[in-house]
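A.B. asks: Shown below is the structure under consideration.
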Amino acid sequence: MLAVRRRALRALSAAPLRMRGLATASRDVNEGEVLTPKTVGPYMSERLEEFLPERIRNFSIVAHIDHGKSTLADRLLETSGNISRQERESAQFLDNLKVERERGITVKAQTASMVHRDPKTGETFMLNLVDTPGHVDFSYEVGYIIAGMKSTTEAKVGDTFFREGAASADLKALPGFQEARSMVFASMYPTDDSSFDELRVAIEKLTLNDASVTAQQETSGALGMASAVVSWGYYTWRCSTNGIQVMVTAPMVPYTVIDPKGKQFTVETPGAFPESTKYYDVLEPMVEASIITPASYLGPVLALAKEKRGIQTNLVYLEDERVIVTINVPWQEVVTNFYNELKTISSGYATLNYREIEPQKSDIVKVDLLINGKVLDALSFVCHRSRATPDGRALCQKLKRVIDRQQYEISIQAALGGKIFAKERIAPYRKDVLIKSGKTVGGGDSTRKKKLLAKQKQGKRRMRTVANVQLSQDAFWSVLSK
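In this text, residue positions in the sequence shown follow full-length UniProt numbering: the first is 1, and each later residue adds one.
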């Protein structure tokens, strides 16, 4: 018997089965009898060890999204006696996540065990069902098996299991398997610094249940400790943040900076980046991305690649009216919503794969944000020079919308290398000093009115020099959130 099968049987015997209405008695299945929710539980729990590997069938329902996989799974569970007809009336019995109910899709692969008696031979089989997600974002959701292992990181796609005692020298790994490539990247910061441990535990549970998600710890000078989470698809990322009070931002990739003396150092935060790169060289991480898309979407895909500073290196037409486009694109562009934009412009048909290549010299700069002439380090960012002006202007406009109006004027500026290139102004509250007790001060004397307006203007100017702009926590998160 395969060692992995024995471990699998032990794991199954210890795991809770997805059954309803368990009874305490145990008995055999009579010929012609249909198991019910009250009888299938005792039979499975008591006779699990009697199911030899030859009488166990593992199968999946694989089809495109919205083609009835979960509906078929419900019908199989009803026929085998796992659920009653009343329970089946609630559509998609195995879909129990809130987002699955709201969107009518399967996000997490679900499993169920059933007992089936062959009417021809009289043999009883155990059927292990895997109801798979249909959306492209959930690829690799069904890709590994657990055989008495404590963590999903111990079982990866492509692992080769062999008979116990077999000579390892004669074994060769099955070819063609590759680890899942992450497509969505995000940095998660807790809304409260004291809850970082809770966030870490929640992410560890997420990575334990989903092999397509990986996480590592990082630090931001403005936001504190964070967990950088990468996942396979957009829906997976949205589900991972559902119910967790976190702020999600786009992560910054590490850049290699070479000083005038030739010394290299790695920069991972905007605060550590040189104010001016006039005398520095910056190496930007690059990847070679392979995009397979229908020929009808080739134009939008090439336009997206150009927008993301990608350089086309190859173009191959396939026989089934599809195209393989190979581009060299900066890693920072890939981690910033590239995958979701690719799916949007191709109606979900395009696929993406990538591999790391040598970093290239690039014109990377640091953009500073100033409020009333003071640099706000928390909002400074690093980008390519071609994106500095539009991104800086967009951030100034976003800040203008979220900063509360004050009794003094607020000036929001974006600077590159010490030079201001974008500015937004928030006008102060202004009392009408020309009206007192419902009457106009000074009557028709313009000199008196000018003195009052000049005095008000001087007071606003003095207030601005000593006051600090208070950026609320919600406003700060709305600016930085992805």
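Beta carbons: idealized from backbone N, C-alpha and C, even for Gly.
Per the contact definition of three or more C-beta pairs closer than 8 Å, is the stretch 272-281 in contact with the stretch 302-320?
C.D. replies: No contact exists between the stretch 302-320 and the stretch 272-281.
A.B. asks: Confirm, please, whether the CB-CB distance from residue 56 to residue 69 is below 7 Å.
C.D. replies: For residue 69 and residue 56, no; Cβs fall outside 7 Å.
A.B. asks: So for residue 338, helix, strand or coil by DSSP?
C.D. replies: In this structure, residue 338 counts as helix in the three-state DSSP scheme.
A.B. asks: Could you tell me whether the Cβ atoms of residue 412 and residue 371 are closer together than 7 Å?
C.D. replies: Yes.
A.B. asks: Using the C-alpha atoms, what's the distance from residue 82 back to residue 128?
C.D. replies: Spanning the two alpha carbons is a distance of roughly 12 Å.
A.B. asks: Could you give the first and the last residue of the continuous beta strand (DSSP E) run that contains residue 285?
C.D. replies: Its beta strand (DSSP E) spans residues 281-294.
A.B. asks: Which value, in whole angstroms, describes the spacing of the CA atoms of residue 50 and residue 71?
C.D. replies: Cα to Cα, the separation comes out at about 30 Å.
A.B. asks: Out of curiosity, what's the CA-to-CA distance linking residue 335 and residue 251?
C.D. replies: Their backbone Cα atoms lie some 7 Å apart in a straight line.
A.B. asks: Could you check whether the Cβ of residue 268 sits closer than 6 Å to any heavy atom belonging to the ligand SAM?
C.D. replies: Looking at this structure, you won't find the ligand SAM or any other ligand, since it has none at all.
A.B. asks: Take residue 73 as the anchor and find which of 52, 64 and 111 has the nearest alpha-carbon.
C.D. replies: Residue 73 has its Cα closest to that of 111, out of 52, 64 and 111.
A.B. asks: Below 8 Å on the Cβ atoms is my contact criterion, and I expect residue 414 with residue 422 to pass it. Report the Cβ-Cβ distance as a whole number of Å.
C.D. replies: With 8 Å as the limit, residue 414 and residue 422 qualify as a contact, their Cβ atoms being about 4 Å apart.
A.B. asks: If you draw a straight line from the C-alpha of residue 376 to the C-alpha of residue 424, how long is it?
C.D. replies: About 15 Å.
A.B. asks: Output the distance between the C-alpha atoms of residue 206 and residue 213, rounded to the nearest integer angstrom.
C.D. replies: The alpha-carbon atoms of residue 206 and residue 213 are separated by roughly 7 Å.
A.B. asks: Mind pulling the alpha helix (DSSP H) runs of 4 or more residues that sit fully within the stretch 353-427?
C.D. replies: Counting only runs of 4 or more, we get 385-402.
A.B. asks: Express the C-alpha separation of residue 270 and residue 396 in angstroms, rounding to a whole number.
C.D. replies: Looking at the two C-alpha atoms, the distance is approximately 18 Å.
A.B. asks: Straight-line CA distance for residue 66 to residue 217?
C.D. replies: Near 37 Å, if we compare the C-alpha coordinates of residue 217 and residue 66.
A.B. asks: Which one or two residues does DSSP pair with residue 67 in a beta bridge?
C.D. replies: Residue 67 pairs with nothing; no bridge assigned.
A.B. asks: Enumerate in chain order the residues of its own chain whose CB-to-CB distance from residue 349 is below 8 Å, with the five nearest sequence positions on each side excluded.
C.D. replies: So the qualifying residues of the chain are 293, 294 and 297.
A.B. asks: Within the same chain, show all residues whose beta-carbon is closer than 8 Å to that of residue 405, passing over the 5 residues directly before and after it, in chain order.
C.D. replies: For residue 405, where only same-chain residues beyond five positions count, the Cβ hits under 8 Å are 426, 427, 428 and 429.
A.B. asks: Need the endpoints of the alpha helix (DSSP H) that residue 301 sits in, please.
C.D. replies: Per DSSP, residue 301 belongs to the alpha helix (DSSP H) from 298-307.
A.B. asks: Does the beta-carbon distance from residue 272 to residue 327 come in below 7 Å?
C.D. replies: Going by C-beta atoms, residue 272 is not nearer than 7 Å to residue 327.
A.B. asks: For the beta strand (DSSP E) that contains residue 322, what are its first and last residues?
C.D. replies: 322-330 is the extent of the beta strand (DSSP E) around residue 322.
A.B. asks: Check the C-beta distance from residue 333 over to residue 309 and give it rounded, since I have them as a contact under 8 Å.
C.D. replies: About 6 Å; that satisfies the 8 Å criterion.
A.B. asks: Quick one: what's residue 315 bridged to in DSSP?
C.D. replies: Paired residues: 325.
A.B. asks: On the criterion of 16 or more Cβ atoms from any shown chain inside 10 Å, does residue 388 qualify as buried, or is it exposed?
C.D. replies: So residue 388 ends up on the buried side.
A.B. asks: Tell me, which residues are paired with residue 127 by DSSP?
C.D. replies: Answer is 57 and 114.
A.B. asks: Using the three-state DSSP reduction, which class does residue 196 fall into: helix, strand or coil?
C.D. replies: Residue 196: helix per DSSP, three-state reduction.
A.B. asks: Output the distance between the C-alpha atoms of residue 141 and residue 123, rounded to the nearest integer angstrom.
C.D. replies: Low per-residue confidence applies at residue 141: pLDDT is 49, beneath 50, and the placement is therefore not dependable enough to give any value.
A.B. asks: When DSSP builds the beta bridges, which residues end up paired with residue 132?
C.D. replies: None, per the DSSP bridge assignment.
A.B. asks: Quick one: what's got a C-beta closer than 8 Å to residue 362's C-beta in the same chain, skipping five residues either side?
C.D. replies: Excluding positions up to five away in sequence, the list reads 282, 283, 284, 330 and 384.
A.B. asks: May I have the straight-line CA-CA distance separating residue 78 from residue 84, to the nearest angstrom?
C.D. replies: Cα-Cα distance, rounded: 6 Å.
A.B. asks: To the nearest angstrom, how far is it from the Cα of residue 58 to the Cα of residue 52?
C.D. replies: Between residue 58 and residue 52, the C-alpha separation is close to 13 Å.
A.B. asks: Apply the 10 Å Cβ neighbour rule to residue 118 and answer buried if 16 or more other Cβ atoms are within range, or exposed otherwise.
C.D. replies: Exposed, because fewer than 16 other Cβ atoms sit within 10 Å of the Cβ of residue 118.
A.B. asks: Could you give the distance in angstroms between the alpha-carbon of residue 449 and the alpha-carbon of residue 410?
C.D. replies: Their backbone Cα atoms lie some 25 Å apart in a straight line.
A.B. asks: For residue 313, tell me which candidate among 320, 131 and 324 has the shortest Cα-Cα distance.
C.D. replies: When each option's Cα is compared against that of residue 313, the closest is 324.
A.B. asks: Would you say residue 367 and residue 392 are within 7 Å of each other, going by their C-beta atoms?
C.D. replies: It is a contact, given that the beta carbons lie within the stated cut-off.
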